[in-house]
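2 protein chains.
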Amino acid sequence: MTVVGVIGGGQLARMMIPAAINLGLELRVFAESEVSSAKLGASHVGDFTNLEELVAFADGVDVITFDHEHVPLDHLRHLGEAGTAVFPPPKALALTQDKIVMRQALAAAGLPQPQWASASQDNLDDALDEVRGLPCIAKLPVGGYDGRGVRVVETVEDLADWLALGPVLLEERVAFVRELAQLSARRPSGEFVAWLPVETRQEGGVCAQVLSPAPGLSDLLRAEAETIATIIAGTFDVVGVLAVELFETRDGRLLVNELAMRPHNSGHVLTEQSVTSQFEQHLRAVADYPLGSTALRTPHGVMINVFSDASMDRFRAVAEQAPDIKFHSYQKAARPGRKAGHLVLTGSNPDDIFARAMTAWELLEPRKADS
Amino acid sequence: MTVVGVIGGGQLARMMIPAAINLGLELRVFAESEVSSAKLGASHVGDFTNLEELVAFADGVDVITFDHEHVPLDHLRHLGEAGTAVFPPPKALALTQDKIVMRQALAAAGLPQPQWASASQDNLDDALDEVRGLPCIAKLPVGGYDGRGVRVVETVEDLADWLALGPVLLEERVAFVRELAQLSARRPSGEFVAWLPVETRQEGGVCAQVLSPAPGLSDLLRAEAETIATIIAGTFDVVGVLAVELFETRDGRLLVNELAMRPHNSGHVLTEQSVTSQFEQHLRAVADYPLGSTALRTPHGVMINVFSDASMDRFRAVAEQAPDIKFHSYQKAARPGRKAGHLVLTGSNPDDIFARAMTAWELLEPRKADS
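First to last, the sequence lines map onto chains A and B. Per full-length UniProt numbering, residue 1 is the first one in the first sequence, and the count goes up by one each step. Per full-length UniProt numbering, residue 1 is the first one in the second sequence, and the count goes up by one each step.
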């Protein structure tokens with residue numbers, strides 16, 4: 001039996017457990033704490049920046065993969081050299097750990113992205129010119145997520161504290177009509193599959209809702225999104241699920257916003273909607289197993305993130321009203337801005353399921369819905 | 001958080017784990033061995049006939065439910081009196097532990113079933129008359145499953161060894177055109193839902209294939225199957241999933257063959273095909289949570305049981321050819337006649353999916369397919 005080790009005990013690792021049970025894989029989770037979301041699968045609780053702990057965890061594991069992208073690359077190279085497969089490989093994962101590295105790599109591959117520059121105190125004027133001046137977007141190259149480490153820069157003073165820390169990624173402020181995500185997966189052999197692109201709606205820099213597939217997307221842009229994912233996956237030897245977050249611009253282009261090389265919040269709707277969930281697909285890919293069908297069982301789906309108390313008790317009122325809504329609780333302690341669960345509704349009428357999913361969400365998060 | 005304790009560590013408990021993860025329930029499994037199919041959820045390994053072990057397991061558990069029906073009823077009554085909910089309740093579970101008790105209870109409820117009699121050495125002639133003479137079917141009242149404890153009786157000599165042990169259930173040999181199963185679920189509050197009936201195809205007394213929904217079933221019989229399940233669930237206060245195995249007779253009647261008050265092999269296809277799997281529904285029901293929709297996401301589904309080596313390696317060849325086939329490995333040691341996993345395929349063309357599922361199964365079990 002293949003043994004897959006997952007570093008990180010968050011909800012993504014949690015949701016890999018059902019897929020592993022169905023496939024008959026053994027999943028072992030390297031969790032950060034005893035109360036992690038994926039604690040049921042935890043075989044080790046500790047510090048993923050500690051090489052000795054990683055080496056001990058890797059013993060008996062056939063392939064290492066990830067719930068997050070924060071494991072030091074040198075440690076992963078060490079594990080790989082010692083004989084444990086690491087997927088995605090450090091070469092690919094590097095793009096998700098440092099946004100400047102990602103921009104450089106995408107540029108080298110000729111892929112469409114916002115105008116960008118690596119800014120320092122020395123080259124600030126040139127960098128601002130590169131991104132068409134102010135206002136622009138600034139990102140800390142390392143460690144940001146869910147709106148953290150991202151700022152809209154109106155004046156150069158807004159950048160001073162970050163520039164004192166090191167290089168800052170500047171990006172043009174893209175005139176986009178909406179954001180999309182292209183979910184896909186690649187095996188070590190190169191086999192690649194893609195789902196239809198989804199539309200992601202953000203609030204405060206955090207994904208709030210996902211519509212699947214993206215409503216009204218032209219065939220041209222649908223094909224382009226898949227082509228972009230194919231090129232990224234192949235160029236950088238991605239293995240596992242690859243999520244490409246995209247801007248659809250006012251002038252009809254797609255630009256790469258962010259990358260993730262693991263199951264991604266934008267793909268949660270696929271668990272109910274697709275023949276193969278992103279969690280099953282990720283495990284198939286990293287275990288070098290034939291990839292599953294990305295066909296949709298139901299033509300439309302909507303996912304809404306839940307940030308406050310996502311307990312079964314709270315969901316009871318929703319379940320009374322909507323027996324077809326699926327609720328996933330991550331069993332995480334509530335913390336402002338932290339995803340605690342999500343809702344999925346699928347069906348044949350996209351307007352109907354969106355309206356019903358929003359009604360359900362308002363029952364779950366009444367204060368947030370009012371604000 | 002509701003804590004559900006499951007007694008028994010087989011594949012049914014195993015497949016409850018994904019549902020518990022999604023719902024945010026804590027599932028604790030009382031397993032028979034360290035290598036049980038549901039070992040990931042095991043909080044206790046021991047002997048379910050030992051009351052002290054059961055009492056210790058029940059500590060901190062809100063509701064006890066089951067992977068099988070073999071726990072002594074007196075032990076369960078004790079747990080209930082000590083304050084742990086037990087679902088299905090012992091009163092209902094009694095029907096699944098003793099087939100003579102079941103026949104008596106169904107008769108008292110006026111439900112259609114084969115002619116039957118409780119035979120002993122003293123009343124054998126009368127009992128045979130009750131079941132329209134030989135040949136007939138004999139069943140050990142307690143402990144039989146998957147074709148064990150069931151015999152076709154051609155002469156009275158075939159019964160001698162069983163009659164020496166105690167009462168034997170005799171049933172008429174029903175002239176049936178096919179077997180059906182009606183899956184349903186009931187909450188403590190009485191809320192009841194049913195899926196569409198499925199057709200089950202047996203080989204050697206063991207379910208080989210399930211077609212969902214049962215092809216060509218008349219509206220009349222569909223309604224009757226649901227009515228039978230409603231009456232059984234309500235009369236005996238069933239809580240959880242109820243599977244009613246039925247004969248469809250040549251003269252167009254439905255007769256109750258067997259009952260199970262837990263997820264059942266005939267309902268595995270629902271995991272992919274229905275909005276709510278039987279495992280999720282069972283947990284919703286025993287946790288007294290609103291029941292989920294039994295609507296089908298895809299119009300047709302087929303499930304085929306796998307008895308030999310059901311490893312991912314074996315399935316690789318199938319997955320290469322059919323990316324939409326779902327395979328569930330139970331991670332059990334191979335043993336002749338023991339279910340080791342199952343395949344599910346869903347789609348819009350029932351003939352196509354049946355043919356493709358059989359092709360896949362032949363790849364998995366070539367020797368069995370040849371025989």
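For glycine and all other residues, C-beta sits at the position ideal for the given N, C-alpha and C.
Residue i - DSSP class collapsed to helix/strand/coil
i      : result
B/T235 : helix
B/F315 : helix
A/W361 : helix
A/H264 : coil
B/G204 : coil
A/E34  : coil
B/L254 : strand
A/W116 : strand
A/T65  : strand
B/K39  : helix
B/R335 : coil
A/R297 : coil
A/R132 : coil
B/E245 : strand
B/R151 : strand
B/Q209 : strand
B/A355 : helix
B/L27  : strand
Proximal residues to residue i (C-beta, below 8 Å), its chain only, five neighbours per side dropped
i      : result
B/T230 : S184, F192, A194
B/L111 : I228, I231, I232, V256
A/A360 : I304, V318, Q321, A322, I325, L343, L345
Limits of the beta strand (DSSP E) - the one that residue i falls within
i      : result
B/L170 : 168–172
A/K91  : Looking at the DSSP string, A/K91 is not in any beta strand (DSSP E); the run it does join, the alpha helix (DSSP H), is 90–97.
A/I7   : 3–7
B/N305 : 300–306
A/T271 : Element bounds for A/T271: not the beta strand (DSSP E) but the alpha helix (DSSP H), 270–273.
A/I137 : 136–139
A/A181 : 176–186
B/V142 : Unbroken run through B/V142: none, as it is neither H nor E.
A/T346 : 341–347
A/A194 : 192–194
N- and C-terminal bounds of the alpha helix (DSSP H) containing residue i
i      : result
A/F279 : 278–286
A/A20  : 11–23
A/L73  : 73–81
A/V55  : 51–58
B/A160 : 160–163
heavy atom of the ligand MN below 7 Å from residue i C-beta
i      : result
A/L221 : As far as ligands go, the structure on display features none, and thus does not contain the ligand MN.
Exposure of residue i, with buried meaning 16 or more beta-carbon neighbours within 10 Å
i                      : result
A/T294                 : buried
A/G41                  : buried
residue 373 of chain A : Any answer about residue 373 of chain A is impossible in this case: the structure gives chain A only from 1 up to 371.
A/L220                 : exposed
A/T276                 : buried
B/S33                  : exposed
B/Q321                 : exposed
B/M261                 : buried
B/V156                 : exposed
B/T49                  : exposed
B/L364                 : buried
B/A223                 : exposed
A/V269                 : buried
A/E272                 : buried
Cβ neighbours of residue i in the same chain (closer than 6 Å, five flanking residues each side left out)
i      : result
A/P263 : L12, V241, Q278, F279, H282
B/L140 : G149
A/A117 : A127, E130, V131, L170
B/Q331 : S37
A/F354 : V302
B/V45  : A31, E34
Own chain partners of residue i with C-beta closer than 7 Å, once the 5 adjacent residues on each side are dropped
i      : result
B/D237 : P89, K91, A92
A/V142 : Q97, D98
A/Q121 : L163
Contacting positions in the segment 5–38 of chain A - beta carbon closer than 7 Å to chain B: R14, I17, P18, I21, N22, L23, G24, L25
Listed from N- to C-terminal order along the chain, which residues in the segment 322–337 of chain A have their beta-carbon within a distance smaller than 8 Å of any beta-carbon of chain B? P323, D324, K326, F327, H328, S329, Y330, Q331
Contacting positions in the segment 282–302 of chain A - beta carbon closer than 7 Å to chain B: Y289, P290, L291, G292, S293, A295, R297, T298
With 9 Å as the limit, tell me which residues of the segment 40–59 of chain B have their beta carbon closer than that to any beta carbon of chain A; keep them in chain order. L40, G41
When Cβ atoms are compared, which residues of the segment 59–83 of chain A fall closer than 7 Å to chain B? none
Please list the residues of the segment 350–364 of chain A that have a C-beta atom closer than 7 Å to any C-beta atom in chain B, keeping them in chain order. none
Could you name the residues of the segment 254–285 of chain B whose beta carbon sits closer than 9 Å to any beta carbon of chain A, in the order they occur along the chain? T271, E272, Q273, V275, T276, E280, R284
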